[in-house]
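J.: If you read the sequences in order, they're chains P and H. In terms of our numbering, the first sequence has 13 at position 7, counting the first letter as 1, and numbering is strictly consecutive. In terms of our numbering, the second sequence has 52 at position 46, counting the first letter as 1, and numbering is strictly consecutive. Note that beta-carbon positions come from the ideal geometry of N, C-alpha and C, so glycine has one too.
Protein chains: 2
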Amino acid sequence: MDTSAKVIVSPVCNITCFEQEKVARIKAELAKEEQRLPQLAELYKLLGNVTRLKILLALAQGELCVCDVAHVLGLTVAATSHQLKLLRDQRWLAMRNDGKMVYYRVHSEGLLKALKGDLCLLEERLA
Amino acid sequence: MDTSAKVIVSPVCNITCFEQEKVARIKAELAKEEQRLPQLAELYKLLGNVTRLKILLALAQGELCVCDVAHVLGLTVAATSHQLKLLRDQRWLAMRNDGKMVYYRVHSEGLLKALKGDLCLLEERLA
DNA sequence: TTATCATTTTCGCAAATGTCTAAATGAGCC
DNA sequence: GGCTCATTTAGACATTTGCGAAAATGATAA
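(1) Residue range of the alpha helix (DSSP H) that P/Ala-84 falls in?
(2) Determine the extent of the beta strand (DSSP E) in which H/Ala-100 is found, giving its start and end residues.
(3) Evaluate H/Gln-89 with the Cβ neighbour count: other Cβ atoms within 10 Å of its Cβ, from every protein chain shown; 16 or more gives buried, anything less gives exposed.
(4) Could you tell me the alpha carbon to alpha carbon distance between H/Lys-51 and P/Tyr-50, rounded to whole angstroms?
(5) The alpha helix (DSSP H) that contains P/His-77, what's its start and end?
(6) Under a Cβ-count criterion, where at least 16 other Cβ atoms within 10 Å of its own Cβ denotes burial, should H/Asp-95 be classed as buried or exposed?
(7) Going by Cα to Cα distance, which pick from P/Cys-23, P/His-113, P/Leu-36 is closest to P/Ala-66?
(8) List the residues of chain H whose Cβ lies closer than 8 Å to the Cβ of P/Val-56, in chain order.
(9) Below 7 Å between beta carbons is the criterion; list the residues of the region 60-80 of chain P that meet it against any residue of chain H, in chain order.
(10) In whole angstroms, what is the alpha-carbon distance linking H/Gly-148 and P/Leu-127?
(11) Mind checking P/Glu-25: buried by the 16 CB within 10 Å criterion, or exposed?
(12) Taking the continuous alpha helix (DSSP H) assigned at H/Gly-68, which residues delimit it?
(13) Hey, out of P/Ile-61, P/Ala-37, P/Thr-86, whose CA is closest to H/Glu-39's CA?
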């Protein structure tokens, strides 16, 4: 594999490309992940919101009904229900009906573990 | 700690609260994380974007100049530079100047490790 | 200095997000 | 049946995000 720097002006996109072969190789590598990356981004989008992180941490302590979650968050029940649904749609939460009440709980212990790991990552960076 | 269900109508927010003490306890728990949660959400927001995930995976193979990253992504150099800056601002990427060129590289091995771990989490869920 | 080139920044816009209010479901109770 | 209450859904609205085009930087080279 030739990794020496070469200056090549692409006739296609008209942007100067310095390491055409390397770029091609990396594009090929990324192509392998093409299916997983959107899923991974979807997970991270879901986690990239303080409200939803709070929901996960709250439910880490056990199941709660929607209106209690709303109390914990300090949001309307409607907004809370909406966020719970997003987490449930991707199967990170499960729900249980009991009469009029709906109880939510964490469906994936692995997710909670990942959260803790990523918190540690932040701690490390501070050092 | 009393965890038995009680129906209490809050005079403050006027939403029925079923387990007031439990809610109070969980709110107290979350309060401890109040500083870290926004940072964690910020990290996840950053990762919740296929373009930025591709950048991280591309640079996992070694440093690249901005225009080569743009080629890998199939985006304009301006858009690429913008995304690189976001990752650099939070110190997940580092850069190096060489004449007119700017080379970016991953600054945190821990981040790449976390990415792989979270990919595994997705695999598990499929099973 | 002037020209050139890689990169960054600014601006504008279309799409997505998060919350609210209000209306709609759905289950229990009289 | 009709009423109440927990939850969900629909609609509206402000904010954020990701991109491209064009202008601004900053460094090399002639």
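T.: On the basis of the supplied data:
(1) Within the first sequence, residue 84 of chain P is the residue found at index 78, counting from 1. Residue range 83-95 is occupied by the alpha helix (DSSP H) that includes P/Ala-84.
(2) By 1-based counting over the second sequence, the position of residue 100 of chain H is 94. Looking at the DSSP string, the run of the beta strand (DSSP E) that includes H/Ala-100 is 99-104.
(3) Residue 89 of chain H sits at position 83 when you count from the first residue of the second sequence. The residue is buried, with at least 16 neighbouring Cβ atoms inside 10 Å.
(4) Mapped onto the second sequence, residue 51 of chain H falls at position 45. Mapped onto the first sequence, residue 50 of chain P falls at position 44. Their backbone Cα atoms lie some 7 Å apart in a straight line.
(5) Residue numbering aside, residue 77 of chain P sits at position 71 when the first sequence is read from its first letter. Under the DSSP assignment, P/His-77 falls in the alpha helix (DSSP H) whose first and last residues are 72-79.
(6) Position 89 of the second sequence, counted from the first residue, corresponds to residue 95 of chain H. Answer is exposed; the Cβ neighbour count stays below 16.
(7) Walking along the first sequence from the start, residue 66 of chain P turns up at place 60. Of the candidates P/Cys-23, P/His-113, P/Leu-36, the one whose C-alpha sits nearest the C-alpha of P/Ala-66 is P/His-113.
(8) Within the first sequence, numbered from 1, the residue matching residue 56 of chain P stands at position 50. In chain order: Leu-43, Pro-44, Ala-47.
(9) Sequence-ordered contacts of the region 60-80 of chain P with chain H read Lys-60, Leu-63, Ala-64, Gln-67, Cys-71, Cys-73, Asp-74, Ala-76, His-77, Val-78 [C-beta pairs closer than 7 Å].
(10) Look at the range of chain H in this structure, 7 to 133, and you will see that residue 148 of chain H is not part of it.
(11) Sequence index remark: in the first sequence, residue 25 of chain P carries index 19 (1-based). It counts as buried.
(12) Within the second sequence, residue 68 of chain H is the residue found at index 62, counting from 1. Premise fails: H/Gly-68 is in no alpha helix (DSSP H) and is neither H nor E.
(13) Indexing the second sequence from 1 puts residue 39 of chain H at position 33. Of the listed residues, the one whose Cα sits closest to H/Glu-39 is P/Ile-61.
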